[in-house]
Amino acid sequence: MPSKYDPNEVEQGRYDYWVNGKFFEAKDDESKDPFTVVIPPPNVTGKLHLGHAWDTTLQDIITRYKRMQGYDVLWLPGMDHAGIATQAKVEAKLKEEGKNRYDLGREKFIEQVWDWKEEYASFIRKQWEKLGLGLDYSKERFTLDDGLSDAVREVFVTLYEKDLIYRGQYIINWDPDTQTALSDIEVIYKEVQGAFYHMKYPLKDGSGHIEIATTRPETMLGDTAVAVHPDDERYQHLIGKKVILPITEREIEIVADDYVDMEFGSGAVKITPAHDPNDFEIGNRHDLERILIMNEDGSMNENAMKYQGMDRFECRKQLVKDLQEEGVLFKIEEHHHSVGHSERSGAVVEPYLSTQWFVKMGPLAKAAIDLQNTDDKVNFVPDRFEKTYLNWMENIRDWCISRQLWWGHRIPAWYHKETGEIYVGKEAPEDTENWEQDEDVLDTWFSSALWPFSTLGWPDENNQDLNRYFPTDALVTGYDIIFFWVSRMIFQSKQFMNRRPFKDVLIHGLVRDAEGRKMSKSLGNGVDPMDVVEKYGADSLRYFLATGSSPGQDLRFHWEKIEATWNFANKIWNASRFVLMNLDDMKYEEVDLSGEKSVADQWILTRLNETIQQVTRHIDKYDFGEAGRHLYNFIWDEFCDWYIEMAKLPLYGDDEQAKHTTKSILVYVLDQTMRMLHPFMPFITEEIWQHLPHDGESITVAEWPEVNPGFTNQKASSEMKLLVDIIRSIRNIRAEVNTPMSKEIQMLIKANDTNIQEGLQKNRHYLERFCNPSELTIDTAIDVPEKAMSAVVTGAEVYLPLEGLINIEEEIERLQKEWNKWNSEVERVEKKLANEKFVQNAPADIVEQEREKGKDYEDKREKVEQRLKDLQS
RNA sequence: GACUCCGUAGCUCAGCGGGAGAGCACUUGCUUGACAGGCAAGGGGUCGGUGGUUCGAAUCCACUCGGAGUCACCA
């Protein structure tokens, strides 16, 4: 093994070994409990970003952990066809070639998209490989697979038959760029600096005019009324009268409607039922005409008269100019307001009258909300996101699911060529020549909503996978898609499986750049996860992602942190190198922990137990950060800094029995530690595990460590603590008086009692190795030399006669400070214990702890005080 | 307008009812037989503010200041 950890070397070929060994495949093993996770299917539009890397790393940790715990784990991979996004990419590619999708025709175009899909799918699989994800490729799915498409049709038809899907003419969000309808959540509202245009519409009877204001003046071409509040005294006399709409010269009526806010603007509102959702409602109440004034591409249509053919924004400019000249438009105010933009294309979304398909959300949402009051509820982690979810569900509106695209699931509805009758079914009507299928496809999220069960074989209810692996156990995703996906999976699963789709949903945040900004193409601040893997290895990236923040919080990307994680990996690498170098070809069968153990042995085994307990507990709670920190501290601060150093004594000594036990413990502890670290850092742990004496083919299927109560030894722990305290205090003094470790000095240790003295005698070899004394005296009574540095630890005092090096005044000053420290501690504890309420109310063990601390502090204070007296006399 | 999150060491973040922690940065020393990307020792914080609950608050509650976000409304 090289002395420097080289991730590329370590990761090379490892994934193939895992995949070929089928370690990641669900075993359908009835003797084990199943544990299922379905991957949030990435879009086949492009490459994975750090957000994906984070999301999948968390899932990999969960599934590797459960697999090691003996579950029959299924982690199902797959991808999403991502309707608008993918189609847009392919259309952009065509545009470069000077073509568009209509040149190709539907069939040819879709063939091209499939080519694109295949290309990116293999790219994504390559990235999953680089990240080391333990996916079961034998069960990989794609949202447009036959089975999943079958599920989509089944759901559509069933909901239609239950009146939960309907077709109708409503105001929807229209994206004139991609020329498709969008659902409410695909619209992003952005604050923009716009204008408020004030206009006067003349009354037909010539008795004056009525003032209205709008932010979208071009829509006036489609106005079919002006509305005022029925109680508004200013306008009482005008209700029912007609105004002449400028430009078009159409007569429109002044109507009264409660919707109008008297306080806002002039209190009169122009009504454009075909271009505004509120106006649409008002139009329905007053039976108003709906005049559409735009084409689907955002240009003005024939109803816009002389503006026909102009783009909507160009029309706005020209119209404003014309209206100003006519004196209709008399004021333009600056106005800050939010305007909807297409999530995909960025185009300003047009509220647009259109015939579309909708999911009636009321009953579905109610069932999903009610589910949360049952034992079958979805457990959100962190739980605050349940509130986010419920808030949204409670205020949900019907879901527009048809999209004017070609790439996606074609809506299973046919229209009779002559009668116009609608037929909805999984297959085309038999007399197919008389029918035309709906041209549109379904919202991508319509199919993703079925993902947890459609991937497992539904609607075939006898499917084995479905029966064994559904409901799934955990879903991991970012808070940004709770509405898009999580909530929709819940209500669809409730509707079709009558169960929750997953027990737990682990919500994480967003990856941001070092300054806390979102990573975006326009800012150019994105980091490619593959670059990180290239430079520092997948293990470093994964450990950073898993431990860099707490559940639900965002995560800032810092190269320095990745580097720090690499250092950790390098530390592990070298510790393992040390262990391996000292094993002398020890075989797995030769590992033997039954021999007599040193304090260090007993201590490290005790700490290992505690670490197993903590790490397991934290992973169970999805607290990967805490789990990682326990491992980090155990490996670096305890195993490397102390145990390995202490193990060098027996290893370099000639007690063969002790040597064998030490080697066994090194192997055992390292093995157990590598297992716990494996879900976080799969590559390096597998590499090390393979080098260690081991049993089994791969650490991926090794058993998760369990606490061994026989190994916990508190007495050894306190003996160890005393040794560490003494060693530290001596190092401390050496540093204080600039006496390097290489220089031998005399050491006197005064033990508080004979027990302690015997313990220290037994372990004096450690003190000799770590402190380098010229002479080491351990006794309960010692003659304290006049000129000496001293330290007080729990159970003992340390004296280092350092004549010539010691500055009495400085030493007195130092001791004075120490005395102050102990004194304030004593006072604090005394005050606490003097408080009757504390003694009465606090738990007994806490009170007892305080009493013991108090004794210890008093003892230390007294010893420091005595030392001060000696020096000052 | 409703809701949520964050404010802890110079920086990035843990901890979330019983004595302030980590990584990086900083200071000093070290050719210690795994690692100088290392080892050893150290400096550094009235845990945003004010009240309250409690024997005890960084941790729970209320208010408040500052930052971020989600949803709704926006003629």
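Per the numbering used here, the very first residue in the first sequence carries number 100; after that it's consecutive.
The C-beta atom is built at its ideal place from N, Cα and C for all residues, glycine as well.
Source: prediction; values computed, not measured.
Relative to the alpha-carbon of residue i, which residue among the options has its alpha-carbon at the smallest distance?
i, options, result
"Arg-266", "Tyr-514, Met-685 and Glu-709", "Tyr-514"
"Ala-834", "Glu-874, Leu-875, Leu-901 and Lys-820", "Leu-901"
"Ile-264", "Ile-500, Asn-272, Phe-208 and Gly-608", "Ile-500"
"Met-819", "Arg-599, Glu-802 and Trp-741", "Trp-741"
"Glu-124", "Tyr-201, Asp-235 and Gln-226", "Asp-235"
"Asn-831", "Ala-850, Val-897 and Phe-779", "Val-897"
"Asn-732", "Lys-341, Thr-664, Phe-590 and Asn-919", "Thr-664"
"Val-610", "Leu-640, Gln-860 and Asp-700", "Leu-640"
"Arg-59", "Lys-126, Pro-275 and Tyr-406", "The requested residue 59 is not part of the displayed model; the chain covers only 100 to 972."
"His-308", "Gly-293, Ala-943 and Ile-338", "Ile-338"
"Leu-230", "Glu-908, His-657, Val-212 and Gly-112", "Gly-112"
"Ser-149", "Trp-658, Val-714, Glu-725 and Lys-954", "Contrary to the premise, residue 149 reads as Leu rather than Ser in this sequence. Comparing Cα positions, the closest option is Trp-658."
"Trp-534", "Lys-430, Val-143, Gly-169 and Val-523", "Val-523"
"Gln-965", "Phe-590, Asn-812, Gln-915 and Gln-948", "Gln-915"
"Thr-879", "Gln-503, Trp-117, Leu-750 and Asn-854", "Asn-854"
"Asn-681", "Gln-713, Glu-401, Lys-486 and His-790", "His-790"
"Asn-107", "Asn-478, Ala-446, Glu-310 and Phe-782", "Phe-782"
"His-729", "Leu-776, Glu-688 and Leu-748", "Leu-776"
"Leu-875", "Arg-863, Pro-884, Val-883 and Asn-142", "Arg-863"
"Ser-828", "Asp-736, Val-143 and Ala-890", "Ala-890"
"Glu-909", "Asn-940, Phe-937 and Gln-971", "Gln-971"
"Asp-421", "Thr-347, Leu-391 and Glu-449", "Thr-347"
"Lys-430", "Glu-401, Ile-661, Lys-620 and Tyr-296", "Tyr-296"
Residue i and residue j: beta carbons closer than 8 Å?
i, j, result
"Tyr-104", "Asn-669", "yes"
"Glu-228", "Tyr-114", "yes"
"Glu-786", "Ser-797", "no"
"Pro-372", "Arg-389", "yes"
"Leu-415", "Gly-397", "According to the sequence shown, residue 415 is Arg rather than Leu. Their beta carbons are not under 8 Å apart, which means Arg-415 does not touch Gly-397 by this criterion."
"Asp-683", "Ser-763", "no"
"Trp-153", "Leu-644", "yes"
"Leu-555", "His-508", "no"
"Pro-275", "Glu-449", "yes"
"Ser-365", "Ala-446", "no"
"Asp-179", "Thr-242", "yes"
Quick test of your reading: residue i and residue j, contact by CB under 8 Å. State the CB separation rounded to the nearest angstrom.
i, j, result
"Arg-163", "Gly-233", "6 Å"
"Asp-322", "Lys-369", "5 Å"
"Phe-552", "Pro-600", "7 Å"
"Ser-586", "Trp-702", "Rounded, the Cβ-Cβ distance is 51 Å, inconsistent with contact."
"Asp-700", "Thr-760", "7 Å"
"Lys-886", "Ile-911", "With a Cβ gap of about 12 Å, Lys-886 and Ile-911 do not count as contacting."
"Gly-727", "Phe-779", "6 Å"
"Leu-748", "Ile-589", "Rounded, the Cβ-Cβ distance is 60 Å, inconsistent with contact."
Going along the chain, which residues of its own chain have a beta-carbon closer than 6 Å to the beta-carbon of residue i, five neighbours each way excluded?
i, result
"Phe-810", "Leu-704 and Asn-708"
"Gln-455", "Ile-271, Ala-280, Cys-499 and Ser-501"
"Asp-64", "Residue 64 is absent from the structure shown; the chain starts at 100 and stops at 972."
"Gln-226", "Leu-147"
"Asp-356", "Ala-326 and Ile-381"
"Pro-93", "In the structure displayed, the chain extends from 100 to 972; residue 93 sits before or after that span and is not available."
"Tyr-54", "Any property of residue 54 remains undetermined from this structure, which presents the chain solely from 100 to 972."
"Tyr-219", "Val-143"
In terms of DSSP beta bridges, what is residue i paired with?
i, result
"Tyr-451", "Ile-271"
"Tyr-265", "Phe-457"
"Trp-513", "Tyr-522 and Gln-536"
"Asp-878", "Lys-849"
"Gly-439", "Tyr-288"
"Ser-501", "Leu-541"
"Pro-872", "Ile-844"
"Met-298", "Ile-311 and Leu-428"
"Asp-969", "Answer is none; Asp-969 lacks a bridge partner."
"Met-69", "Because residue 69 is not part of the residues shown, which for the chain are 100 to 972, the question remains open."
Among the residues of its own chain, which have a CB less than 7 Å from the CB of residue i, if the five just before and after it don't count?
i, result
"Gln-158", "Val-136, Ile-138, Trp-174 and Val-575"
"Tyr-956", "Trp-921, Glu-924, Val-925 and Val-928"
"Leu-622", "Arg-616"
Short of 8 Å in beta carbon distance, which residues of its chain neighbour residue i, apart from the five on each side in sequence? Order them along the chain.
i, result
"Lys-341", "Leu-302, Lys-303, Asp-304, Glu-350, Ile-351, Glu-352 and Ile-353"
"Ile-97", "Beyond the ends of the chain as shown, which are 100 and 972, falls residue 97; an answer cannot be given."
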